[in-house]
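Residue numbers (the numbering used here): 113 to 378.
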């Protein structure tokens, strides 16, 4: 985008890539800048498969939301929701049940501004501008409290956000788990280096506004606490309840790059 529009706050840093805007570009969105597109082009040259991480992750999100809807969940807390593109949580959920309620949480200014624009006429979905590593602020925000009923199950979505929490992610996720009622779910996906060397990717992300940390299977499992993982457990994004059998499942880890799992509070 070469000019300012109503979705570009004046405070946005146009010189440094943003993970949210990079993700938007990879998924075919148009709320990104030249610096974000150049970052992706560089990544494509270094590692052409890295773009697939985002595509598989987005498909996983859709399957998760539909699964939770099937389990009777009608309200969602989407942590680090990013820039709205086709196939957002409220679109998926409200297509099944228009009364489904969604709270998006994001700190990136463009994502917040654009979300607020598209949600203006949606009484059951709101955007909260907050840092997800500060659960108290997120959970006690007036918009969160007005939208979600914490006495009823909530689907907490942490899709490709945990690896941006560099320090003590276990405490961060524990706070969200503690805040929701029995019968709630936590769904997450998380970058891992268990299947391939991610050092170049993580180093490149230091050039953006959002550094990342890849984690092992055991580290990711700890984010679920004592909640019960639903089948098929902690797998990679394409292997979590795929719509159809995938080819070469033994290569899924290298191809997907992220662990994925859903757990239920007892």
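Ideal Cβ positions, reconstructed from N, Cα and C, are used throughout, including at glycine.
Everything numeric in this text was worked out from a predicted model, so none of it was measured.
Spanning the alpha carbons of residue 326 and residue 212 requires a straight line of approximately 33 Å.
Residue 307 sits in coil when the DSSP states are folded into three classes, being neither helix nor strand. Per the coordinates, the alpha-carbon of residue 248 lies some 20 Å from the alpha-carbon of residue 377. Closest option to residue 335, judged by alpha-carbon separation, among 373, 351, 295 and 311: 373. Around the beta carbon of residue 283, a 10 Å sphere encloses fewer than 16 other beta carbons of the protein chains shown; the residue is thus reported as exposed. Look at residue 188 here: in three-state DSSP terms it is strand. The secondary-structure analysis by DSSP pairs residue 318 with nothing; it has no beta-bridge partner.
Residue pairing of residue 298 in beta bridges, as defined by DSSP: 268 and 375. Contact between the region 255-275 and the region 186-201 is present: three or more C-beta pairs spanning the two stretches fall below 8 Å.
For residue 214, the closest C-alpha among the options 232, 238 and 295 is that of 238. Boundaries around residue 147 are those of the alpha helix (DSSP H), 146-158, since no beta strand (DSSP E) includes it.
Note that the C-beta distance between residue 276 and residue 251 is not below 9 Å. Residue 141 and residue 150 have their alpha carbons spaced roughly 15 Å apart.
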